[in-house]
Amino acid sequence: MAYSTDIPAPILEVEGLSFRYRDAEADALRGITWSQDAGQFTALVGPSGAGKTTFCCCLNRIVPHFHKGNLRGRVRVGGESIAGKHVYDMVPRIGMVFQDFESQLFSTNVLLEVAFGLENLGLPRGEMEERAREALALVGLAGFERREPAALSGGQKQRLAIAAVIALAPDVLVMDEPTTDLDPAGRLEVMRLAGKLQGRTAMIVTDHEVDDLAEADRIEVLADGQIVMSGGTREVFARPLELVGAGVRSPQVAEFFTRAGAPEIPVTVEEGLALWSRLGWRIRQEDEPAAAPVAEPLISVENLSFTYPDGTQALRDVNLAIGEGEILAILGQNGCGKTTLAKHLNGLLAPDKGTVRWRGEPVGGRRLSEMARHVGYVFQNPDHQIFAQTVREEVEFGPKNFRLPPEETAERARDVLAAVGLRGQEEDNPFTMTKGERQRVAVASVLAAAPEVIVLDEPTTGLDYRQQLEMMALVRRLHAAGRTVILITHSMWIAAEYARRCVVMAEGRVIADGPTRQVFANEEALAQAHLRAPAITRLGSRLGFAALSVEELLARVERGRT
Amino acid sequence: MTPLHRLHPADKIVLLALYFVWAMQFNDPLGVLLPLAIALAGMLAARAGGNVRKALPLMIPITVMCLLLWSLLAGPSRGHTELWQWSSLAVYREAVWYAVAMALRLNAMLLGGIVFITVTGIEELRLGLTRLGLPYPMAFAISLAFRLVPLIGSTLEKVAQAQKSRGFALDRGGPLTRLKNHAPLIIPVILVSLRNIDQLAAALEARGFGGPTRRMSFIASPWRAADTVCCIVAVVIIATTIVLKHL
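Structure (structure tokens):
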């Protein structure tokens, strides 16, 4: 692209854009005004329900063609109004990548996937091939042309979805939460790619959080259908408390220095370290409280190995003891074996080699329905289990399966709905609830069987910051009430702040296991699992105290000459 | 890539249809061995053994059902050599013989279908169907069904695990209860699948599907002499069979 000295017209201009979904009582977007230059990378962040997806869908006319409603305001792409256009008319102008990469891919191999859009444009075959290969090279998938999309990792699938859109050479590339469903390695792949595309094409990337968006040129914060914060990335990062007010988790380093009353606000760990030494602040050293002795193990996993029927070896000689009343996190990338391991704990899977014991007795000899009463398992996606018309019916499903008397079933449903904060919503239809609420219905329905252990598989994925805090407050309450809690998670800050013990897995093996602070200070093991401690922990480690939260570091800071 | 893979997609569809018509001409166990042998030869030529093995869990119960039903239902219309009788229910040798033929024929046709799927990618199927005159959106919908089956299968597996973890047991109670028992499996699968399909539809249009531009095909598959020869041979075989049958 040639740069001229003239001030270029913005590639995307949005004026007073409002939209109300048919049958909705309030506007999803309320008067959005937006202007974006060619080559600019803008991040659009905000909590669930803020209107991020609706905004993206307005740009390529999915709103109002797929999602009907009342659309007002003006959108111009490349100076041309898009009013009256169909979704396919927007193809050369707006490229759209969706959150759910699984449902975007439908071809037999990678090359054909990218070619699909080009076929629709009616390009000559030679040009199709050239463009498809170029796009694959750009996203780092050259050499994967003949591979089946289903056989790719999450990050590769999302990069393929991006390649399929880039090949169409859009003026504006819109990516709606492209990293939400990915593990940390996948997120990094996609964000690196976004960095590579920066300057080539105008880009809009949405997310719940700002963590991965440090490379963006601008950040716009959306809340309740309106832009509530806007500015250069550094400028927005340096206003952490406002971000939290808008429902977005703040960048930890900026939050720490803001709350510690520093005269300026650094954003990265390096900047934080530089400021720290300039200010002459110190860490107050305190003795760590000794770890509580491990109780008699409730669950013990001995030399466990497991291979799926397709030949994938998911677990290799895993040993683990889980004591009563623990709260522990199992960390690792997708495919590292954490879910496979957890599915052995309630007997959903049976080991090829080794033993899983419950209170000293092998799980193998018991029925799944019996183990399910001891070890409750909350699956990642609540939609894979919710089937009932009312919350009450959904929650009573477990106790009824276990043939508890009706009075006890009703009592348990009442208790667990109170525990998850859904009292008064017994007769609501779970399908009309938000994702965060549905997640809590799923937890309640598992709790209703009164298990001693509860396994939560990615309980915060897809939830926004406030929903994540609510979910984890619930987990903490369950733990305080005496339950043993096992969290399977990608989210390093969740593990840091809520788990007392962490187990890190890579390629089917346990590579680190210990108190959270100790594991998070073990950068080598984390790197081996392609994980990275939260920014506050990395900052703290360099200062001599691996803080697990902003609060912990605040409690230890000794301000020198400020 | 075997020679079968390299046939033109439209040719493969025509051959499969002709094969089905041909196989339907046989209804005695010995005669059915002919289409079965052809299907097995096709399986070897296409290296479809792996896919056939995957389909066995489906083929075996179908075979058993087919044998049972035809043995009972084909009844005395085919002959009266009684093998076994219990009050008004009787099993005749001719009926059993017919059931064996039907089971073999069904397996021959299933094998033919598996060979076809093995040598035809979904994009090729789409191309073949459009070449045979089907409008592109319809060809696309048909080919998509192949893609959705495994997707729905994997959703079903996840749902089943989630419900089992809540103490759900399908194999409880009488037939009516069992049917009702499926709700915790079926409802989430349908809802999740509908949502996936909805998203897929949006993603397809966002990549230009359904637009007014004349579509080009990325896969090039020229019609070759071999395709013509295969068609002619197939038609000759069918015609001969039909003529011989009615002589």
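Chain order of the listed sequences is D and E. Counting from 1, one number per residue, gives the positions in the first sequence under the numbering used here. Counting from 1001, one number per residue, gives the positions in the second sequence under the numbering used here. All C-beta atoms, glycine included, are put in the ideal place defined by N, C-alpha and C.
Less than 8 angstroms between CB atoms is the rule here; does residue i satisfy it with respect to chain E?
| i | result |
| --- | --- |
| D:S107 | yes |
| D:Y377 | yes |
| D:G398 | yes |
| D:M433 | no |
| D:G49 | no |
| D:Y567 | The question about residue 567 of chain D has no answer, for chain D in this structure spans 1 to 562. |
| D:N70 | no |
Please go through the same chain and pick out, in chain order, the residues whose beta-carbon is closer than 7 angstroms to the beta-carbon of residue i, but skip the five residues on each side of it.
| i | result |
| --- | --- |
| D:P33 | Per the sequence shown, the amino acid found at residue 33 of chain D is Thr instead of Pro. So the qualifying residues of the chain are V14, E15 and G16. |
| E:D1227 | L1007, H1008 and D1011 |
| D:A164 | E113, V114, F116 and G117 |
| E:P1188 | V1159 |
Considering only C-alpha positions, which residue in the set the options is nearest to residue i?
| i | options | result |
| --- | --- | --- |
| E:M1216 | D:E129, D:F237 and D:Q226 | D:E129 |
| D:G364 | D:L304, D:T390, D:G337 and D:Q385 | D:L304 |
| D:V446 | D:G154, D:V485, D:S541 and D:R359 | D:V485 |
| D:L349 | E:K1158, E:I1060 and E:I1187 | E:K1158 |
| D:L118 | E:G1211, E:I1122, E:V1235 and E:G1128 | E:G1211 |
| D:G140 | D:D171, D:L193 and D:A185 | D:L193 |
| D:A473 | D:M492, D:A499 and D:H490 | D:A499 |
| E:A1037 | E:L1111, E:I1232, E:L1129 and E:G1153 | E:L1111 |
| D:R501 | D:M492, D:E507, D:R509 and D:G508 | D:M492 |
| D:F402 | E:G1167, E:A1239, E:S1154 and E:R1053 | E:G1167 |
| D:A546 | D:P515, D:Q528 and D:R559 | D:P515 |
| D:R542 | D:L320, D:L404, D:T355 and D:L273 | D:L273 |
| D:G360 | D:V301, D:E407 and D:L404 | D:V301 |
| D:G354 | D:L320, D:H384, D:Q385 and D:I327 | D:L320 |
| D:P47 | D:V228, D:S277, D:L328 and D:V550 | D:V228 |
| D:G199 | D:P534, D:V190 and D:V172 | D:V172 |
| E:R1105 | E:S1087, E:G1133, E:L1144 and E:T1063 | E:T1063 |
| E:H1182 | D:V395, D:R367, D:P263 and D:Q385 | D:Q385 |
| D:F66 | E:V1236, E:L1200, E:A1074 and E:I1186 | E:L1200 |
| D:A214 | D:V510, D:A413 and D:V45 | D:V45 |
List the whole-angstrom C-beta distance separating residue i from residue j, where the pair is believed to meet the contact cut-off of C-beta under 8 angstroms.
| i | j | result |
| --- | --- | --- |
| E:T1002 | E:R1047 | 6 angstroms |
| D:R466 | D:P382 | About 17 angstroms; that fails the 8 angstroms criterion. |
| D:L554 | D:F520 | That belief does not hold up - the Cβ atoms of D:L554 and D:F520 are roughly 18 angstroms apart, past 8 angstroms. |
| D:G247 | D:L29 | Incorrect: roughly 16 angstroms between the Cβ atoms, too far for contact. |
| E:R1126 | E:F1140 | 6 angstroms |
| D:F237 | D:V210 | 7 angstroms |
| D:P170 | D:I94 | 6 angstroms |
| D:V221 | D:L241 | Wrong, their Cβ atoms sit about 13 angstroms apart, outside the cutoff. |
| D:F379 | E:A1162 | 4 angstroms |
| D:E394 | D:V443 | D:E394 to D:V443, Cβ: 11 angstroms. No contact. |
Does any residue of chain D bring its CB to less than 8 angstroms from the CB of residue i?
| i | result |
| --- | --- |
| E:N1196 | yes |
| E:T948 | There is no way to answer for residue 948 of chain E, as the model of chain E reaches only from 1001 to 1247. |
| E:A1202 | yes |
| E:P1003 | no |
| E:L1007 | no |
| E:V1159 | yes |
| E:T1213 | yes |
| E:Q1025 | no |
| E:K1054 | no |
| E:P1184 | yes |
| E:P1137 | no |
Counting only the same chain and skipping the five closest in sequence on each side, list residues whose C-beta sits under 8 angstroms from that of residue i.
| i | result |
| --- | --- |
| E:Q1085 | V1091 |
| D:D352 | S305, F306 and T307 |
| D:A342 | I330, Y377, V455, D457, I486 and I488 |
| D:E452 | L298, E324, H374, V375, R483 and T484 |
| D:V557 | A260, W281, R282, I283 and R284 |
| E:T1081 | Y1092, R1093 and E1094 |
| E:A1223 | A small correction: the amino acid at residue 1223 of chain E is Trp; Ala does not occupy that position in the sequence shown. Result list for E:W1223: H1008, A1010 and D1011, in chain order. |
| D:D37 | P8, P10, I11 and A202 |
| D:T179 | Q158, G186, R187, V190, M191, D207 and D212 |
Could you pull out every residue in the same chain whose Cβ sits closer than 6 angstroms to the Cβ of residue i, ignoring the five residues on either side in sequence?
| i | result |
| --- | --- |
| D:A2 | Unreliable placement is indicated for D:A2, whose pLDDT of 48 sits below 50; the coordinate value is still reported in the next sentence. The answer is none, since no qualifying residue turns up. |
| D:F98 | Q104 and D176 |
| D:G436 | L463 and Q467 |
| D:N334 | G154 and D183 |
Give, in chain order, every unbroken run of the alpha helix (DSSP H) that is at least 4 residues long and sits entirely within the stretch 166-209 of chain D.
184-197
Alpha helix (DSSP H) segments (min. 4 residues) lying fully within the stretch 1033-1116 of chain E:
1049-1073
What are the complete alpha helix (DSSP H) segments, minimum 4 residues, inside the stretch 366-441 of chain D?
368-374, 391-401 and 406-419
Threshold first: 3 residues or longer. Then list the beta strand (DSSP E) segments lying entirely within the stretch 1135-1183 of chain E, N to C.
none
Enumerated in chain order, which unbroken segments of the alpha helix (DSSP H) with a length of 4 residues or greater are wholly contained in the stretch 10-80 of chain D?
52-59 and 62-65
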